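Undergrad: Protein chains in written order, with the numbering used here: chain A, 453 to 566; chain B, 19 to 122.
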Amino acid sequence: MGSSEKRSKDVMSDIPTFSAENLQNNLKVIQNSRTFLSIIAGVLAGIIGFTGLTGFVFYFVVMLITSVGLMAKAGFSADLYFDSWNRVLFDGFLGGLMSFVLFWTFAYDLVHIF
Amino acid sequence: MNLGFLIGVLGVLILSHAAYSTIQYRGLLKITEEEFSGPPMNVVLELIVGLALCMWAALTFPGKFLSIHPDSDENRAVSLPDNSDFMIFNHRGRLFPPEIDMKF
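1) Could you please give the first and the last residue of the uninterrupted alpha helix (DSSP H) stretch that includes B:I11?
2) Using a Cβ-Cβ cutoff of 7 Å, what residues of the stretch 483-494 of chain A are near chain B? List them in chain order.
3) Check the Cβ of B:R44 against every Cβ in chain A and list those closer than 8 Å, keeping chain order.
4) Roughly how far, in whole angstroms, is the beta-carbon of A:I517 from the beta-carbon of B:P57, given that I think they are within contact range, below 8 Å?
5) Let me know the alpha helix (DSSP H) ranges lying completely inside the stretch 479-533 of chain A, each 4 residues or longer, listed in chain order.
6) Identify whether A:F558 lies in helix, strand or coil by the three-state DSSP scheme.
7) Check the Cβ of A:A526 against every Cβ in chain B and list those closer than 9 Å, keeping chain order.
8) Cβ of B:I41 less than 8 Å from any chain A Cβ?
9) Kindly indicate which three-state DSSP category B:F114 falls into: helix, strand or coil?
10) Report the rounded CA-to-CA distance for A:N477 versus B:S85, giving the unit in angstroms.
11) Short check: CB of A:G494 to CB of A:F552, under 8 Å?
12) Can the beta-carbon of A:L475 be found closer than 8 Å to that of A:D535?
13) How would you call A:M550, buried or exposed, if buried means at least 16 neighbouring beta carbons within 10 angstroms?
14) Along the chain, where does the alpha helix (DSSP H) containing B:I66 start, and where does it finish?
15) Confirm the yes/no value for this check: CB of B:G68, any heavy atom of the ligand ZN, distance under 7 Å.
16) According to DSSP, is A:D535 helix, strand or coil?
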C-alpha cells in the first residue's frame, strides 16, 4: 500500500493526484477539533441557560468561529492541505450537533435543575 | 502536543469552576426568590476565557496539517537508499540522456 498515488507520466501535472494518506490525516484533525468544540459549546450553552432556538444559534456561531480558526490553522491556503475549500468549512458541521445537544441538556440539568 | 493538552485541561477546569459558581448563584437566587435571568458578570467572563482556551487547545491538540502535494519537501517518496553499496551505475543506462529533472 503506497502512501502516495503518483503515476510517472503525471510528474509534470500533479493537480489530480495528491497524497491520500495526508488528506485523511487532515480530515481527522478537523473532525476531532469540531467534535471537541461541539462538546465545549454544549457545556457552555447549558451553563448560560439557553433554551430553545437561541442554543442552536449559539452552536452555529461557535461552528463558524471554528471554521475561521481552521482556516487560520491551514494558513488560508486550502490547496496545500485539502482538495477543496468546502472540506475545511463545512465538513462535520452537523455531525457535532448531536454531541452539542447531549452536553447542552446535560449541563443545563446539572446547573439549573439539580 | 503537551502544551495544547494542558491548555485544554485548564479550559475545562475553568468551565467547571464557572458551572459551580452558577450553581451557587442559583442557590442564592432561590433564597432571595428572584428569577434567573443570566449568570453573573464574573461567571460570563470566566466562560469567555474558558471558551478561548478550549478553542485554542482544540485547534492545536489534534495534530498538524500535513501537506498533500506529492512534490513538497516533506513528502519525498524517494530518497537515497541505505544500501547504496549494492548499486552500480556502470551499466548500459548511463548512455541515455537524462529525461526528467530529478531533485536530490
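Where is the CB? At the ideal position from N, CA and C, for every residue including glycine.
Source: prediction; values computed, not measured.
TA: This is what the structure gives:
1) Shown here, chain B extends from 19 to 122; a query on residue 11 of chain B therefore has no answer.
2) N484, S485, F488, L489 and I492
3) V563 and H564
4) A:I517 to B:P57, Cβ: 20 Å. No contact.
5) 505-525
6) In this structure, A:F558 counts as helix in the three-state DSSP scheme.
7) F83
8) yes
9) coil
10) 10 Å
11) yes
12) yes
13) Per the 10 Å Cβ criterion, exposed.
14) M59 to T78
15) Absent from the structure shown: the ligand ZN. Ligands present: none.
16) coil
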